[in-house]
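See structure below.
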Amino acid sequence: MFKNNLKLAWRSILKNKLFSTINVIGLSIGLCAAMVIGSIVYYDFSFDRFHPDSDRIYRITTVFKSNDAEFSNRGVAVPLMRTFQEGVPGVELTAPFFNTSFYKVENREADLSFRNPENAILADDAYFELFQYEWLAGESKSALSEPGQVVLSQEKAERYFPHTQMANIIGRTLIYNDSIPVQVTGVVADFEKKSDLTFTEFMSLASAKMFDRKDVATNDAWNSTSSGDQLFIKVTNGASLPAIQSRLDALALEHKNTEPWAVNDERLFVLQPLADIHFGGKHGDYPFNNSDHVASMTVLKSLAFVALFLLLLGCANFINLTSAQALTRAKEIGIRKTLGSSKKQVVRQFLVETFILTLLAAVLSLVLAPMLLRQFMDFLPEGIDLSVLYSTKGAVGILALIVVVSLLSGFYPAFVLSKFRPVLVLKGQFSKGDKGVRLRKTLTIFQFVVAQVFVIATVLVGKQLYFVMNKDMGIKTDAVAYVYLPWSNNSDVKKERLFHQIKDIKGVSNVSWGNNPPTSNNISSSILTYYKDGAEMHQETEFLWGDLSYLKTYQIPLLAGRDRLNDTIMEYVVNEAFAKALGFQNAPEVVGATVKLDTMSIPIVGLMRDFNQRSLRSTIKPMALTGDWGNGGYSNFRSIHFDLGKDTGQWAKSIGEIEKTWASVFPDEEVEIEFMDETVEGFYRRERSTMQLLKWATGLAIMISCLGLLGLAVYTTERRVKEIGVRKVLGANLAQLNLLLCKEFLLLVGIAFVISVPISWYLIQEWMQSFAYKTSISWWVFLSSGLGMVVVALAVIGTRTYRAANINPVESLRTE
Numbered sequence: 002m003f004k005n006n007l008k009l010a011w012r013s014i015l016k017n018k019l020f021s022t023i024n025v026i027g028l029s030i031g032l033c034a035a036m037v038i039g040s041i042v043y044y045d046f047s048f049d050r051f052h053p054d055s056d057r058i059y060r061i062t063t064v065f066k067s068n069d070a071e072f073s074n075r076g077v078a079v080p081l082m083r084t085f086q087e088g089v090p091g092v093e094l095t096a097p098f099f100n101t102s103f104y105k106v107e108n109r110e111a112d113l114s115f116r117n118p119e120n121a122i123l124a125d126d127a128y129f130e131l132f133q134y135e136w137l138a139g140e141s142k143s144a145l146s147e148p149g150q151v152v153l154s155q156e157k158a159e160r161y162f163p164h165t166q167m168a169n170i171i172g173r174t175l176i177y178n179d180s181i182p183v184q185v186t187g188v189v190a191d192f193e194k195k196s197d198l199t200f201t202e203f204m205s206l207a208s209a210k211m212f213d214r215k216d217v218a219t220n221d222a223w224n225s226t227s228s229g230d231q232l233f234i235k236v237t238n239g240a241s242l243p244a245i246q247s248r249l250d251a252l253a254l255e256h257k258n259t260e261p262w263a264v265n266d267e268r269l270f271v272l273q274p275l276a277d278i279h280f281g282g283k284h285g286d287y288p289f290n291n292s293d294h295v296a297s298m299t300v301l302k303s304l305a306f307v308a309l310f311l312l313l314l315g316c317a318n319f320i321n322l323t324s325a326q327a328l329t330r331a332k333e334i335g336i337r338k339t340l341g342s343s344k345k346q347v348v349r350q351f352l353v354e355t356f357i358l359t360l361l362a363a364v365l366s367l368v369l370a371p372m373l374l375r376q377f378m379d380f381l382p383e384g385i386d387l388s389v390l391y392s393t394k395g396a397v398g399i400l401a402l403i404v405v406v407s408l409l410s411g412f413y414p415a416f417v418l419s420k421f422r423p424v425l426v427l428k429g430q431f432s433k434g435d436k437g438v439r440l441r442k443t444l445t446i447f448q449f450v451v452a453q454v455f456v457i458a459t460v461l462v463g464k465q466l467y468f469v470m471n472k473d474m475g476i477k478t479d480a481v482a483y484v485y486l487p488w489s490n491n492s493d494v495k496k497e498r499l500f501h502q503i504k505d506i507k508g509v510s511n512v513s514w515g516n517n518p519p520t521s522n523n524i525s526s527s528i529l530t531y532y533k534d535g536a537e538m539h540q541e542t543e544f545l546w547g548d549l550s551y552l553k554t555y556q557i558p559l560l561a562g563r564d565r566l567n568d569t570i571m572e573y574v575v576n577e578a579f580a581k582a583l584g585f586q587n588a589p590e591v592v593g594a595t596v597k598l599d600t601m602s603i604p605i606v607g608l609m610r611d612f613n614q615r616s617l618r619s620t621i622k623p624m625a626l627t628g629d630w631g632n633g634g635y636s637n638f639r640s641i642h643f644d645l646g647k648d649t650g651q652w653a654k655s656i657g658e659i660e661k662t663w664a665s666v667f668p669d670e671e672v673e674i675e676f677m678d679e680t681v682e683g684f685y686r687r688e689r690s691t692m693q694l695l696k697w698a699t700g701l702a703i704m705i706s707c708l709g710l711l712g713l714a715v716y717t718t719e720r721r722v723k724e725i726g727v728r729k730v731l732g733a734n735l736a737q738l739n740l741l742l743c744k745e746f747l748l749l750v751g752i753a754f755v756i757s758v759p760i761s762w763y764l765i766q767e768w769m770q771s772f773a774y775k776t777s778i779s780w781w782v783f784l785s786s787g788l789g790m791v792v793v794a795l796a797v798i799g800t801r802t803y804r805a806a807n808i809n810p811v812e813s814l815r816t817e
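2 is the number of the first residue of the sequence shown in our numbering; add one for each residue after it.
Written out as structure tokens, the structure is:
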């Protein structure tokens, strides 16, 4: 029976090639999008799911609240770690660790030296008890119990000790930072599964003092928080999470900052499940200091909705075209029922036909999926591929998707067709009534609502992205670059030599010392206190460090006062936002005021123009420009900034000269020249990926909708051939006939437009709430999108109606 159903289904598909092709293409687009987006979603949801008892592992993070602002830090105060190590009810294991760095590692036996190794942490044995690594050599229970011990990943071990068996590495000595001997006590395999724990060098926590780092046992700085100071815990089975959270709340309250300026501030310690770390939590923080990717639950939900709507569009197409063909297949159903077929057999026959079409669409989708994924590779993290589709899990998922889509697409048409009464059908007295027509119109409207929402959203997102990318940020961003100095081996002599040699390079101008550029994601801030009329005001202020040429390099004008007298004098130049925050209605009046940093009184000598310190999602914050002082003997000038000039032809040569100069001063260090325009562009990486997604979703949605519209136009014109012939005989011209055939479809497109406008407006309004600076939601965007869709619909329908209207009425009437 099943074999016979397959044969009949295949025969029917070949008989209706055009409609079958349209259905396969429509379904394949939806299935292809679902496969690609499913692979992306699976990638992000597969991080750190393989650890034993992962559901009982939590990280403790810090949330700060000040007035109406709230932000988080993935680290905690060091004394909190000691408190948990001493014991907290409900906590089975405590594993603190610290991000760290070394400027040099040497294997002197093999005469090998490695500069600035990455992905290192300070940890103890609890880390390897919490996270299960495969040990290739050494013992996990005591590998990090003493000072001067290190565990290496397999990748690091092979790099430091090439051509050496893992077992023979144990006990060997590495020299850190020129003089610190450390013994290798273990080698662990790199994780085969996806993890945000990408650390490759594990120094014993007991070695912290050897590297002048914090010590858990003695550090009492409850109000100092660094994002690299991590605290993980494993709760006992059946532990009360509210009880643990209550203990954290009590500790936060007990050790609240008592400084006068912190009276309105609140700090919370928060439990974060291991599974949530990859998604950045509420504030979208990167998982760890060395992470280069943070997943967004909002983006993944949006992707899932895009896939769902594209699938629904394909299914709507199928239902539309299959139900529209009901009259042409009515006699077939009547004969089958007369010959003894039951209603169930007819339903089964049409479901098998739908399954074959869906299967063909799935095969086509597997061919198209790699091409679609390549369109997003610039915006996706490394490691995303379609391998999951070819795994057992993926195959089961695809099969389930095919079954669901087959049922969704085929059940209603099969149910409708199976209800035909053979007596009426064979007598030619069958009429479907208005119910099927209403359904097709509703589905067509649904298709074009989705397509027009995508079109309007794409145009408005593009408009906003163009606005933020081209808005004047208040500083010079084109042709300005900067280079950070190495953390080690950077004596004042070398620094000055590099600075003056760069200054002498032809085409390079406005060379200046500084730290971070004016616009950056790196933030350094403190509280400045201002006294006026006996009142005390505490203002959180971001700091910018630069020499006397810094403002000139970035073309930031002084609006009042003067610049500092020299690079080391304790004077501030503040921005307009700072003056307004202190209550100065006339910003220049802030010049001459005095503020306090801790116990130091510092005069404000100048007022600089406001500029955007970060992306246009955030407002301009109070800021102060200062010189090279107040960092405990260390220099705040960590980078050199310069202008490459207007002659673009000279840039490559100037950059080459800078790289040569760097190599002559720091031969063992790699140079990385960063450009301001690229820094600004990086702020909007997520928006650009959203734009790319919307472009493709829009194109695919329009394609599916137009394929469905073409199929309906073909069906409608074929059913009205006799009517067209009669109208032509009675004198109707070509334009009148085209209008007659098109107006019904254009009415549906118009209704879809009316529905899509408020939906689009609401969605874009919500999306734009995250921007402090927004473009206008212009009326012409909606109008032009609607007219554009009408033109596309006319082009699709017109090709068919024009052909139908040109048929010789003699031929059509004779045939009928």
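Virtual Cβ for every residue (Gly too), placed ideally from N, Cα, C.
Problem set entry | Delimiting residues of the beta strand (DSSP E) encompassing methionine 82 | Counting along the chain, methionine 82 falls outside any beta strand (DSSP E), though it belongs to the alpha helix (DSSP H) covering 79-87.
Problem set entry | Separation of lysine 775 from leucine 795, as counted between CA atoms | 34 Å
Problem set entry | Whole-angstrom C-beta distance between glutamine 150 and alanine 158, which should lie under 8 Å | Not confirmed; about 14 Å, so no contact.
Exercise. I think threonine 226 touches asparagine 74, with their Cβ atoms under 8 Å apart; what is that distance to the nearest whole Å?
Worked result: 5 Å
Problem set entry | Contacts around aspartate 197, its chain only, beta-carbon distance under 8 Å, and the 5 residues preceding and following it disregarded | Phe48, Asp49, Ile278, His279, Pro288, Phe289, Ser292
Exercise. With distances taken between CB atoms, is the gap from glutamine 133 to phenylalanine 377 smaller than 8 Å?
Worked result: no
For this session: For the alpha helix (DSSP H) containing phenylalanine 839, list its first residue and its last residue.
Result: Nothing can be reported for residue 839, as the shown portion of the chain is limited to 2 through 817.
Exercise. Given leucine 552, which residues of its chain have a CB within under 8 Å of its CB, disregarding the five upstream and five downstream residues?
Worked result: Pro558, Leu559, Asp564, Val574, Met609, Leu626
For this session: Could you tell me whether the segment 236-254 touches the segment 159-172, where touching means 3 or more Cβ pairs closer than 8 Å?
Result: No: the two stretches stay apart, fewer than three of their Cβ pairs being nearer than 8 Å.
Exercise. Which first and last residues belong to the beta strand (DSSP E) in which lysine 66 is found?
Worked result: Run containing lysine 66: 58-67, per the beta strand (DSSP E) assignment.
Exercise. Quick one, which of His642, Ile320, Phe447 has its alpha-carbon nearest threonine 478's?
Worked result: His642
Exercise. Counting pairs of beta carbons, one from the segment 750-764 and one from the segment 714-731, are three or more of them closer than 8 Å?
Worked result: no
For this session: Quick one: using the 10 Å Cβ neighbour count with 16 as the cut-off for buried, is threonine 445 buried or exposed?
Result: buried
Problem set entry | Beta-carbon gap between leucine 742 and threonine 802 smaller than 8 Å | Yes; because the gap between Cβ atoms is below 8 Å, this pair is in contact.
For this session: To the nearest angstrom, report how far apart glutamate 140 and phenylalanine 129 are at their CA atoms.
Result: Whole-angstrom Cα-Cα distance: 10 Å.
For this session: Could you name each continuous alpha helix (DSSP H) segment of 4 residues or more that falls completely within the segment 474-561, going from the start of the chain to the end?
Result: Fully contained in the segment 474-561 are the following alpha helix (DSSP H) runs of length 4 or more, in chain order: 493-504, 551-554.
Exercise. Measuring CB to CB, does lysine 235 end up less than 8 Å from aspartate 54?
Worked result: yes
Exercise. Since glutamate 675 sits in a beta bridge, which residues does DSSP pair it with?
Worked result: In the DSSP output, where bridge partners are listed per residue, glutamate 675 has Tyr483.
Problem set entry | Nonlocal neighbours in the same chain, by C-beta distance under 8 Å from proline 487, ignoring five residues either side | Tyr104, Asn117, Phe667, Glu670
Exercise. Just to confirm, are leucine 311 and isoleucine 659 a CB contact at a threshold of 8 Å?
Worked result: no
Exercise. Does the segment 446-462 touch the segment 683-701, meaning 3 or more C-beta pairs lie closer than 8 Å?
Worked result: yes
Exercise. Thinking just about the alpha-carbon of each residue, which of Gly700, Arg268, Gly281 is nearest to the one in threonine 299?
Worked result: Gly281
For this session: Can you check DSSP and say which residues form a bridge with lysine 105?
Result: Note: lysine 105 sits in a beta bridge opposite Arg116.
Exercise. So what's proline 97 in DSSP terms, helix, strand or just coil?
Worked result: Secondary structure at proline 97: strand, using DSSP grouped into helix, strand and coil.
For this session: Just tell me which of Val37, Ala733, Gly799 has its CA closest to the CA of arginine 375.
Result: Shortest Cα-Cα distance from arginine 375 to any of Val37, Ala733, Gly799 involves Val37.
Exercise. Can you name, in chain order, every residue of its own chain whose Cβ lies under 6 Å from the Cβ of serine 40, other than the five neighbours on each side?
Worked result: Sequence-distant partners of serine 40 (beyond 5 residues in either direction) whose C-beta falls short of 6 Å from its own C-beta, in its chain, are Leu387, Val389.
Exercise. Opposite phenylalanine 447 in the DSSP bridges: which residues?
Worked result: Answer is none; phenylalanine 447 lacks a bridge partner.
For this session: Counting only runs of 3+ residues fully inside the segment 178-232, write out the beta strand (DSSP E) ranges in chain order.
Result: Runs found: 181-189, 202-205.
Exercise. Near serine 771, which residues of its chain fall below 6 Å by C-beta distance, leaving aside the five closest residues on each side in sequence?
Worked result: Arg618
Problem set entry | For leucine 123, the nearest candidate out of Val481, Arg728, Ala96 (CA to CA) | Ala96
For this session: Closer than 6 Å by C-beta to aspartate 678: which residues in its own chain qualify, once you throw out the five before and the five after it? Chain order, please.
Result: Thr478, Asp479
For this session: Have a look at the DSSP bridge pairing and note the partners of methionine 609.
Result: Methionine 609 pairs with Leu559, Asn576.
For this session: Quick one: grab the DSSP three-state call for methionine 167.
Result: helix
For this session: State the CB to CB distance for the pair alanine 317 and glycine 700, rounded to an integer number of angstroms; the pair is presumed to be in contact (CB under 8 Å).
Result: Going by Cβ atoms, the distance from alanine 317 to glycine 700 rounds to 18 Å, so no, they are not a contact pair.
For this session: Rank Ala121, Ser146, Val152, Asp125 by C-alpha distance to the C-alpha of tryptophan 136 and give the top, closest one.
Result: Val152
Exercise. Does DSSP put methionine 790 in a helix, in a strand, or in coil?
Worked result: helix
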